[in-house]
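K.L.:
Okay, so the sequence shown: first residue is 1 according to full-length UniProt numbering, each after it adds one.
Backbone N, C-alpha and C fix where the C-beta goes; we use that ideal spot for every residue, glycine too.
Please read these numbers as outputs of a predicted model, since none were measured by experiment.
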Amino acid sequence: MGAAAVLPVERWTRVKPLVQEEHEACSALLGTIGSEHALLSLPPHDQFHWLHRFYLLLDAVAERHSVYKLYGGPHGFMISTGVAEPSINHAAVLLRFALDLRQATHSIRLPCQIPLDLRLVLTSGPACSGLLGTASLTYQMVGRAVAVARELLNTQTEVPFMVTADMKKALPPSFGSMLVPLGGVRLRASLCGEQEVFSLQQYASLKLTQPAHLPACETVAGAGRRE
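1) Tell me the DSSP secondary structure of residue 178 in three-state form.
2) In whole angstroms, what separates the C-alpha of residue 156 from that of residue 208?
3) Out of 205, 81, 125, 35, which one is the CA nearest neighbour of residue 112?
4) With residue 61 as the anchor, note down where its alpha helix (DSSP H) starts and where it stops.
5) Residues in its own chain within less than 7 Å of residue 19 by CB, not counting five upstream and five downstream?
6) Which whole-angstrom value is the C-beta distance of residue 84 and residue 68, which I expect to be below 8 Å?
7) Residues in its own chain within less than 8 Å of residue 75 by CB, not counting five upstream and five downstream?
8) Among 197, 66, 60, 143, which has the Cα closest to the Cα of residue 189?
9) If you follow the beta strand (DSSP E) that residue 101 is in, where does it begin and where does it stop?
10) Mapping the DSSP letters down to three states, classify residue 156 as helix, strand or coil.
11) Where does the unbroken alpha helix (DSSP H) through residue 168 begin, and where does it stop?
12) Less than 9 Å between the C-beta atoms of residue 161 and residue 205, yes or no?
13) So, with DSSP's three-state summary, where would you put residue 225?
14) What are the partner residues of residue 109, as DSSP defines its beta bridges?
15) Taking the CB atoms as reference points, tell me whether residue 185 and residue 201 lie closer together than 9 Å.
16) On the criterion of 16 or more Cβ atoms from any shown chain inside 10 Å, does residue 78 qualify as buried, or is it exposed?
17) Which residue comes first and which comes last in the alpha helix (DSSP H) that contains residue 36?
18) Whole angstroms are fine: how far does the CA of residue 134 sit from the CA of residue 182?
19) State buried or exposed for residue 177, treating a residue as buried only when at least 16 other CB atoms are found within 10 Å of its CB.
20) Within 10 angstroms of its Cβ, does residue 170 collect 16 or more other Cβ (buried), or is it exposed?
21) Given residue 24, which residues of its chain have a CB within under 7 Å of its CB, disregarding the five upstream and five downstream residues?
22) Please return the same chain residues whose Cβ sits closer than 7 Å to the Cβ of residue 93, not counting the five positions on each side in sequence.
23) Excluding the 5 residues flanking residue 166 on each side, which residues of the same chain have their C-beta closer than 7 Å to its C-beta?
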């Protein structure tokens, strides 16, 4: 039942995406609300309206810096530069946006006056973006740099502001000087290599969480050779 609606395997590779764009150099910011537990304490109706007000602020800051907002999950967001339009200043523009967003959201409080605890990860590198599938479309962005940022966002919950080494390299020296190294951490998205992470001076004393083990690494390193 319903089999007629499924594309045969041999046709999958012939169905091209509606929109697909390659980007040799771009930047992306992944953000999330750290105090999610406070947001989830609200009834669904109130959660939605609170998020709507937050996204109105996010949209205003994004428009001010001419950056592009993508969907990043129910309580998160993704911002890109150098994607909608190529830009040699994509990294600097995104860093300015991130600092402005932190300032704009500093006084926002969730229920019980709990701080927003916004967490941001900024990264740079090549990527591909476009529309996946043919129904309920959202603009998506994929690539190693994006995967690294997402893994950092999901695993380094104690650091509110992170910049990858590739992002720092893409920044002009005057911008890069405001960042301090936090050290390195092994990530699956880095093919289990160590990813150097930077942050703002005020977070220089924070420590990265080192993974106890990365079971997927053996699979990546020995792809096609597992017994």
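P.N.:
In this structure, then:
1) Position 178 of the sequence shown, counting from 1, holds the residue named residue 178. Note: residue 178 maps to coil in three-state DSSP.
2) Counting from one through the sequence shown, the residue named residue 156 turns up at place 156. Counting from one through the sequence shown, the residue named residue 208 turns up at place 208. Rounded to the nearest angstrom, the two C-alpha atoms are 6 Å apart.
3) On the sequence shown, position 112 is the one that residue 112 refers to. Residue 112 has its Cα closest to that of 35, out of 205, 81, 125, 35.
4) Taking the first residue of the sequence shown as position 1, residue 61 is located at position 61. From DSSP, the alpha helix (DSSP H) with residue 61 extends over 44 to 65.
5) Position 19 of the sequence shown holds residue 19. The residues are 130, 131.
6) Translated into positions along the sequence shown, residue 84 becomes position 84. Translated into positions along the sequence shown, residue 68 becomes position 68. Rounded, the Cβ-Cβ distance is 4 Å, consistent with contact.
7) If you number the sequence shown from 1, residue 75 lands on position 75. Here the set comprises 32, 33, 36, 39, 51.
8) On the sequence shown, position 189 is the one that residue 189 refers to. Residue 143 is the option with its Cα nearest to residue 189.
9) Counted from its first residue, the sequence shown places residue 101 at position 101. No beta strand (DSSP E) contains residue 101, which is instead part of the alpha helix (DSSP H) from 90 to 105.
10) Translated into the one-based positions of the sequence shown, residue 156 becomes position 156. Of the three classes helix, strand and coil, the one that applies to residue 156 here is coil, per DSSP.
11) For the purposes of this step, residue 168 is taken as residue 168 along the sequence shown, with counting starting at 1. Looking at the DSSP string, the run of the alpha helix (DSSP H) that includes residue 168 is 165 to 170.
12) In the sequence shown, the residue the question calls residue 161 occupies position 161. In the sequence shown, the residue the question calls residue 205 occupies position 205. It is not a contact, given that the beta carbons lie outside the stated cut-off.
13) Within the sequence shown, numbered from 1, the residue matching residue 225 stands at position 225. Confidence is the limiting factor: at residue 225 the pLDDT is only 39, short of 50, which leaves the residue's position unreliable, though a coordinate-based value still follows. Coil at residue 225, not helix or strand.
14) Residue 109 sits at position 109 when you count from the first residue of the sequence shown. Note: residue 109 sits in a beta bridge opposite 115.
15) Locating residue 185 in the sequence shown gives position 185, where the first residue counts as 1. Locating residue 201 in the sequence shown gives position 201, where the first residue counts as 1. Taking 9 Å as the Cβ cut-off, residue 185 and residue 201 do not qualify as a contacting pair.
16) Counting from 1 along the sequence shown, the entry for residue 78 is found at position 78. Buried, because 16 or more other Cβ atoms sit within 10 Å of the Cβ of residue 78.
17) Numbered from its first residue, the sequence shown carries residue 36 at position 36. 36 to 40 is the extent of the alpha helix (DSSP H) around residue 36.
18) Position 182 of the sequence shown holds residue 182. Position 134 of the sequence shown holds residue 134. Using only the alpha carbons, I get a separation of about 42 Å.
19) Residue mapping note: residue 177 aligns to position 177 of the sequence shown, counting from 1. Flag for residue 177 reads exposed.
20) As a working mapping, residue 170 is identified with position 170 in the sequence shown. Per the 10 Å Cβ criterion, buried.
21) Against the sequence shown, residue 24 aligns to sequence position 24. Here the set comprises 126.
22) Residue 93 sits at position 93 when you count from the first residue of the sequence shown. Result list for residue 93: 65, 67, 81, 87, in chain order.
23) Position 166 of the sequence shown, counted from the start, is the residue given in the question as residue 166. The answer, listed in chain order, is 123, 124, 125, 145.
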